[in-house]
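> There's a structure below that I have some questions on.
There are 2 protein chains.
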Amino acid sequence: MISKTYSISELAAEFDVTTRSIRFYEDQGLLHPSRRGQTRIYSSKDRVRLKLILRGKRLGFSLAETRELFDLWDDSLSGSEKQLNLLLKTIDGKRAELEQQLKDIAMVQLELDNAEARCREALKELEQKKMTAE
Amino acid sequence: MISKTYSISELAAEFDVTTRSIRFYEDQGLLHPSRRGQTRIYSSKDRVRLKLILRGKRLGFSLAETRELFDLWDDSLSGSEKQLNLLLKTIDGKRAELEQQLKDIAMVQLELDNAEARCREALKELEQKKMTAE
DNA sequence: GTGACACTTTACGTTAACGTAAACTTCATT
DNA sequence: AATGAAGTTTACGTTAACGTAAAGTGTCAC
């Protein structure tokens, strides 16, 4: 069974990024597509990686951070004990980051609720004034 | 009652940022400390704002985005109906962003769990090999 | 009155993450 | 054979968010 492949513009269209960005991610060592001649060919694994890169970006990860995670993961496959333990440490670190982000999000959500409430109050008062002015 | 004030270096120390950054935030219109002579004096409101800026950063907000939020909020105080409705729209937009981030975080957490499990499996196997080698 | 700090402004430098333009090559179509 | 679409490399440009150095001001301790 031959698994599906993608062209650079297919991926660009699917994830709404430019081909420039995709090539840049390769340049930074985040992607390693194969080639037919000089044309890049992306596998489903490459596609998953791209998805992970973009997800990381939405969470404020730098490309360098994401790259480190990829590298650690790849290293762990041919894993020496040292590499594996380093990976575990890093995983814990990332988990802590995510926990902090969850807290931050919760706070911001509360603030948004608060802001919306005040906002609706203000709108109500404006309506009142309209009524009494008539 | 006179409310508490802070020097720039106090804030810098408390939140572990440089004074350069704090001045930069002011330059970008995110902070408006009062002055005694040419020395900046920060109120508790300024302190809260700084906290919000940093929280925004941890969530990947740009300074420009955070600034927009501040501006909208300030405008809403002297709120015309237009301003208030714009603010409500923006609030909804931010909420959507946060929802997406929550999803992203959940996904990454799953991946971390997965990665850790595989990692521990690999370590177990290494232990096995050690045992049989003895 | 003189260090010694803490603060200030001004301004040039730096890094990350691309944008954008120029000048090819390859391949399918007309 | 020519055109056009999609791909490529090379390289300079740009923006955000500061870093860093230079040079000056204010004020407290001695």
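Which chain is which? The protein sequence lines are A and B, in order. Be aware that the first sequence starts at 1, since it is given in our numbering, and climbs by one per residue. Be aware that the second sequence starts at 135, since it is given in our numbering, and climbs by one per residue. We put the beta carbon where it would ideally sit given N, CA and C, even for glycine. It should be emphasised that the depicted structure is a prediction, and the values quoted were computed from it without experimental measurement.
Could you round the C-beta distance between A/Lys94 and B/Leu211 to whole angstroms and report it? I think they count as a contact, below 8 angstroms.
Your numbering for residue 94 of chain A matches position 94 in the first sequence. Your numbering for residue 211 of chain B matches position 77 in the second sequence. Contact flag wrong, Cβ pair sits at about 40 angstroms.
> Ordered along the chain, which non-local residues of its own chain (more than five positions away) have a Cβ less than 7 angstroms from that of B/Ala146?
Taking the first residue of the second sequence as 1, we reach residue 146 of chain B at position 12. The answer, listed in chain order, is Thr152, Thr153, Ile156.
> Who does A/Ser43 pair with in a DSSP beta bridge?
The sequence position of residue 43 of chain A within the first sequence is 43, counting from 1. Bridge partners of A/Ser43: A/Thr5.
> Which partner residues does A/Ser34 have in the DSSP bridge list?
Counting from one through the first sequence, the residue named residue 34 of chain A turns up at place 34. Per DSSP, A/Ile41.
> Under 7 angstroms between beta-carbons, which chain B residues line up against A/Ile105? List them in chain order, please.
Counted from its first residue, the first sequence places residue 105 of chain A at position 105. Those are Leu193, Leu232, Gln235, Leu236, listed as they occur along chain B.
> Pull up the distance between the alpha-carbon of A/Phe61 and that of A/Glu14, whole angstroms please.
The residue you call residue 61 of chain A lines up with position 61 of the first sequence. The residue you call residue 14 of chain A lines up with position 14 of the first sequence. Using only the alpha carbons, I get a separation of about 21 angstroms.
> Determine the DSSP secondary structure at B/Phe149, reduced to helix, strand or coil.
Working through the second sequence from its first residue, we reach residue 149 of chain B at position 15. Three-state result, B/Phe149: helix.
> Please report the straight-line C-alpha distance between B/Ser177 and B/Leu184, rounded to a whole angstrom.
In the second sequence, counting from the first residue as 1, residue 177 of chain B sits at position 43. In the second sequence, counting from the first residue as 1, residue 184 of chain B sits at position 50. Rounded to the nearest angstrom, the two C-alpha atoms are 11 angstroms apart.
> Roughly how many whole angstroms lie between the Cα atoms of B/Leu220 and A/Val108?
Locating residue 220 of chain B in the second sequence gives position 86, counting from the first residue. Locating residue 108 of chain A in the first sequence gives position 108, counting from the first residue. So the two alpha carbons sit approximately 18 angstroms from each other.
> Please classify B/Leu164: is it buried, with 16 or more other beta-carbons within 10 angstroms of its beta-carbon, or exposed?
Translated into the one-based positions of the second sequence, residue 164 of chain B becomes position 30. Classification for B/Leu164: buried.
> Alpha carbon to alpha carbon, what distance is there between A/Lys89 and B/Arg201?
Against the second sequence, residue 201 of chain B aligns to sequence position 67. Against the first sequence, residue 89 of chain A aligns to sequence position 89. Cα-Cα distance, rounded: 36 angstroms.
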